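One structure below.
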Amino acid sequence: MSTLYEEIRPDPGPDVPVRRVTITVNGQKRVADVEPRLLLAHLIRQGLRLTGTHTGCDTSNCGACTVLFDGKAIKSCTMLAVQADGHEVTTVEGLATASELHPIQEGFKDEHGLQCGFCTPGMMLAAKALLDENPDPTEDEVRWALSGNLCRCTGYQNIVKSVLWAAEKLRSQSPS
Amino acid sequence: MYPSRFRYEAPSSLDDAIDLLHRGGGEAKVLAGGQSLVPLLKLRFAAPESLVDINNIPGLGFLREEADGSLRVGALCRHAELERSPILRARQPTMAAAAPLIADPIVRNRGTLVGSLCHADPQGDWASVVTALGGWVVAAGPGGRRPIAVADFVSGPFQNVLAYDEIAVEAVIPAPKGKAAGGYLKLERRVGDFATAGVAVAIETSADLVVRAGIALTGVGGSTIDATEAGRALVGSALSRDTIAAAADLAAQAARPRTDHRGSAEYKRQVVRTFVERILTRITESAERAA
Chain A
-9 MSTLYEEIRP DPGPDVPVRR VTITVNGQKR VADVEPRLLL AHLIRQGLRL TGTHTGCDTS
51 NCGACTVLFD GKAIKSCTML AVQADGHEVT TVEGLATASE LHPIQEGFKD EHGLQCGFCT
111 PGMMLAAKAL LDENPDPTED EVRWALSGNL CRCTGYQNIV KSVLWAAEKL RSQSPS
Chain B
10 MYPSRFRYEA PSSLDDAIDL LHRGGGEAKV LAGGQSLVPL LKLRFAAPES LVDINNIPGL
70 GFLREEADGS LRVGALCRHA ELERSPILRA RQPTMAAAAP LIADPIVRNR GTLVGSLCHA
130 DPQGDWASVV TALGGWVVAA GPGGRRPIAV ADFVSGPFQN VLAYDEIAVE AVIPAPKGKA
190 AGGYLKLERR VGDFATAGVA VAIETSADLV VRAGIALTGV GGSTIDATEA GRALVGSALS
250 RDTIAAAADL AAQAARPRTD HRGSAEYKRQ VVRTFVERIL TRITESAERA A
């Protein structure tokens, strides 16, 4: 794969250092040559063509670009792609299996947790990080976990309901 | 948005990192959590020639209480770990109050306390907290290590006193001389916004008398404000309505707020007064409940 920012600026000069990174994305090993200044969000969207991860504000405010990095929610517009070398990244494309939606996705569908849908991937991954750590959160805990994700349709009420729906479904599925 | 071009190094030892900074001759910048630096790079407010990423250096992520009761926070200890720390909840009330108020939960997974001190944003919460607690930063450079009191470490807005080839490797909170109490309050328009105003209060009491007090202010001046007079007004007596009111007034006087879209200068000064009063009153109320 070519380096993205070289495409943006076609004459980078001969000495632009490029790094080869190996990142496990949604369980698959992906190898890419990246310029150090390439942001993880841009590698995911343009390099790996996983466009479910959205970039909203580009200033670490909105959380639309949230992905899981070694299981923890991070803003992928605020990390360099080179920093992900050797790490695991989960994007929204990693939630569903070929045949089934993830319970969090089902919850958003069932409880009308999205309107325009722009913030949804980030919301769902922030929700996944919460439910992985705390399978039975209170409404307040859900609101706390999503407080770094903005929804400009202001559909927060249903987003919170969706996550609580998913939590219940996941608990009913777990063998305990 | 994307940053201007830089060289990137991710050394696996502190010595290598210091060496890279040294050879960078002032044009290299340390990357830790990156939650302030990466946005600055994207906005091109910062355009260093090279970045020295310290995330691959083992042994910098610690959060440790020493036998003497002091607390050490390593350069890669993330806000999220501080937020979840039982040590903070049990024995560091000012830090425990501040940790959940830093930025937002996702930023807290990456950002670091030491990085926040180095960034020296006048709106940064940790600088106020560590100033109120009388803490210091340990800087490591080619010539060895040296401690720098946080009150001296921040030299202005977005400025610290580190030499170009030094790395802040940890922050240290000294052991309390008495029973520690305190709090942190921040007014923000929404989670993750810059503070309209923030107040850190840390006191230590012995037989009900205040033996040490630190009060520091966030977002109401060109840099973190150490309201030393306000703290001094509490030392030597038990907390009372009078001493609390005196400290709150002195803290409000120490504030240097500016009128902006978050509120008028007078409003922010009043928020400082109210927050100092509120934190100290809560301390007396919980002491009464415990008695």
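Just so you know, the sequences run in chain order A and B. Residue numbering for the first sequence is -9 to 166, as defined by the working numbering. Residue numbering for the second sequence is 10 to 300, as defined by the working numbering. We put the CB at the ideal spot given by N, CA and C, even for glycine. Owing to the predicted nature of the structure, the values given are computational and were not obtained by experimental measurement.
When we look at the beta-carbon of S50(A) and count the other beta-carbons within 10 Å, is it buried (16 or more) or exposed?
-> Indexing the first sequence from 1 puts residue 50(A) at position 60. S50(A) should be labelled buried.
Along the segment 111 to 128 of chain B, what residues have a CB closer than 7 Å to any CB found in chain A?
-> Hits within the stretch, in order: D113, P114, I115, V116, N118, R119.
Going along the chain, which unbroken runs of the beta strand (DSSP E) with 3 or more residues stay wholly within the segment 97 to 163 of chain B?
-> Annotation note: the segment 97 to 163 of chain B contains the following uninterrupted beta strand (DSSP E) runs of length 3 or greater, listed N- to C-terminal: 145 to 150, 153 to 158.
Report the three-state DSSP secondary structure of D77(B) (helix, strand or coil).
-> Here the question's residue 77(B) lines up with position 68 in the second sequence. Under the three-state reduction of DSSP output, D77(B) falls in the coil class, being neither helix nor strand.
Listed by chain order, chain B residues near I64(A) by CB distance under 7 Å | Walking along the first sequence from the start, residue 64(A) turns up at place 74. Neighbours of I64(A) on chain B, chain order: I115, N118, R119.
Coarse secondary structure for I94(A), derived from DSSP in three states = Locating residue 94(A) in the first sequence gives position 104, where the first residue counts as 1. In the three-state reduction of the DSSP assignment, I94(A) falls in the helix class.
Along chain B, in chain order, which residues have C-beta atoms closer than 7 Å to that of A135(A)?
-> Locating residue 135(A) in the first sequence gives position 145, counting from the first residue. Here the neighbours are P114.
CB contact flag (Q105(A), G53(A), <8 Å) | Here residue 105(A) refers to the residue found at position 115 when the first sequence is read from its first residue. Here residue 53(A) refers to the residue found at position 63 when the first sequence is read from its first residue. No, these two residues do not count as a Cβ contact at 8 Å.
Measure the beta-carbon distance from R278(B) to A257(B) and round it to whole angstroms, keeping in mind my assumption that it falls under 8 Å.
-> Taking the second sequence and counting its residues from 1, the one referred to as residue 278(B) is at position 269. Taking the second sequence and counting its residues from 1, the one referred to as residue 257(B) is at position 248. Cβ atoms of R278(B) and A257(B) stay farther apart than 8 Å, at about 11 Å.
So what does DSSP say about L121(A), is it helix, strand or coil?
-> As a first step, residue 121(A) is located in the first sequence; it is residue number 131 there, counting from the start. In the three-state reduction of the DSSP assignment, L121(A) falls in the helix class, which pools H, G and I.
Near-chain C residues of the segment 60 to 80 of chain B - C-beta to any C-beta below 8 Å = Among the chains of the structure shown, chain C does not appear; the protein chains present are A and B.
Endpoints, the beta strand (DSSP E) within which Q18(A) is located | By one-based count along the first sequence, residue 18(A) stands at place 28. For Q18(A), the uninterrupted beta strand (DSSP E) segment begins and ends at 18 to 24.
When the cut-off is 8 Å and only beta carbons count, does A156(A) lie next to chain B?
-> Your numbering for residue 156(A) matches position 166 in the first sequence. At a cut-off of 8 Å between C-beta atoms, A156(A) does not count as an interface residue with respect to chain B.
Near-chain A residues of the segment 268 to 283 of chain B - C-beta to any C-beta below 8 Å = Cβ contacts with chain A come from no residue of the segment 268 to 283 of chain B.
Close beta carbons around M(-9)(A), own chain, < 7 Å, minus the five adjacent residues each side = Working through the first sequence from its first residue, we reach residue -9(A) at position 1. Confidence is the limiting factor: at M(-9)(A) the pLDDT is only 47, short of 50, which leaves the residue's position unreliable, though a coordinate-based value still follows. So the list reads A22, D23, G37, once near-sequence residues are dropped.
Amino acids of chain A, ordered along the chain, whose beta-carbon sits closer than 8 Å to that of F15(B) | As a first step, residue 15(B) is located in the second sequence; it is residue number 6 there, counting from the start. By Cβ distance, chain A contributes P26, R27.
From D202(B) to E36(B), what does the alpha carbon distance come to, in whole angstroms?
-> Taking the second sequence and counting its residues from 1, the one referred to as residue 202(B) is at position 193. Taking the second sequence and counting its residues from 1, the one referred to as residue 36(B) is at position 27. Looking at the two C-alpha atoms, the distance is approximately 30 Å.
Taking the alpha carbon of A158(B) as the point to measure from, which residue in D174(B), V139(B), Q168(B), A149(B) has its own alpha carbon closest?
-> For this step, residue 158(B) is matched to residue 149 along the second sequence. Closest by alpha carbon: V139(B).
Cβ of P93(A) within 8 Å of any chain B Cβ = Along the first sequence, read from residue 1 onward, the residue named residue 93(A) stands at position 103. P93(A) does not count as touching chain B.
Amino acids of chain A, ordered along the chain, whose beta-carbon sits closer than 7 Å to that of P48(B) | Within the second sequence, residue 48(B) is the residue found at index 39, counting from 1. Simply T49, S50, T68.
CB I115(B) to CB A74(A), shorter than 8 Å?
-> The count along the second sequence starts at 1 and reaches residue 115(B) at position 106. The count along the first sequence starts at 1 and reaches residue 74(A) at position 84. Cβ distance not < 8 Å, so I115(B) and A74(A) don't count as in contact.
K51(B) - containing alpha helix (DSSP H), residue span | One-based indexing of the second sequence puts residue 51(B) at position 42. Start and end: 46 to 51.
For S152(A), count neighbouring C-beta atoms within 10 Å of its own C-beta (all shown protein chains included) and say buried if the count is 16 or more, exposed if not.
-> Your numbering for residue 152(A) matches position 162 in the first sequence. Burial call: buried.
Boundaries of the alpha helix (DSSP H) in which Y276(B) is found, first to last residue | As a first step, residue 276(B) must be located in the second sequence, where it is residue number 267. Following the DSSP letters along the chain, one finds Y276(B) inside the alpha helix (DSSP H) bounded by residues 274 to 299.
Cutoff 8 Å: A116(A) Cβ touching any chain B Cβ = The residue labelled residue 116(A) in the question sits at position 126 within the first sequence. For A116(A), the nearest beta carbon of chain B is closer than 8 Å to its own beta carbon.
Could you tell me whether any Cβ in chain A is nearer than 8 Å to the Cβ of G43(B)?
-> Within the second sequence, numbered from 1, the residue matching residue 43(B) stands at position 34. Contact of G43(B) with chain A is assigned, a C-beta pair being separated by under 8 Å.
Going by other Cβ atoms of all chains shown within 10 Å of its Cβ, with 16 needed for buried, is D122(A) buried or exposed?
-> The residue given as residue 122(A) occupies position 132 in the first sequence. Residue burial annotation: D122(A) is exposed, with fewer than 16 other C-beta atoms found within 10 angstroms of its C-beta.
Which residue or residues does DSSP assign as beta-bridge partners of L58(A)?
-> As a working mapping, residue 58(A) is identified with position 68 in the first sequence. According to DSSP, which records beta bridges pairwise, L58(A) is partnered with A63(A), T80(A).
Touch check for the segment 234 to 250 of chain B and the segment 170 to 183 of chain B: three-plus C-beta pairs under 8 Å?
-> Three or more beta-carbon pairs separated by less than 8 Å are not found between the segment 234 to 250 of chain B and the segment 170 to 183 of chain B, which leaves the two stretches without contact.
Quick one: grab the DSSP three-state call for Y173(B).
-> Counted from its first residue, the second sequence places residue 173(B) at position 164. Y173(B): coil per DSSP, three-state reduction.
According to DSSP, which residues form a beta bridge with I13(A)?
-> Taking the first residue of the first sequence as position 1, residue 13(A) is located at position 23. Answer is R20(A).
Run of the alpha helix (DSSP H) containing A255(B), from where it starts to where it stops = Position 246 of the second sequence, counting from 1, holds the residue named residue 255(B). Its alpha helix (DSSP H) spans residues 250 to 263.
Report yes or no: do three or more beta-carbon pairs, one from the segment 119 to 136 of chain B and one from the segment 213 to 223 of chain B, lie closer than 8 Å?
-> No, the segment 119 to 136 of chain B does not touch the segment 213 to 223 of chain B.
What are the boundary residues of the alpha helix (DSSP H) that includes V6(A)?
-> By one-based count along the first sequence, residue 6(A) stands at place 16. V6(A) -> no alpha helix (DSSP H), and no H or E assigned at all.
Give the DSSP bridge partners of L301(B), in chain order.
-> Nothing in the structure corresponds to residue 301(B), since chain B is present only between 10 and 300.
6 Å CB neighbourhood of C143(A) in its chain, flanking five on each side removed | What you label residue 143(A) is simply residue 153 of the first sequence in a count that begins at 1. Excluding its 5 nearest sequence neighbours in each direction, C143(A) has C-beta neighbours in its own chain below 6 Å: Q105, C106, listed in chain order.
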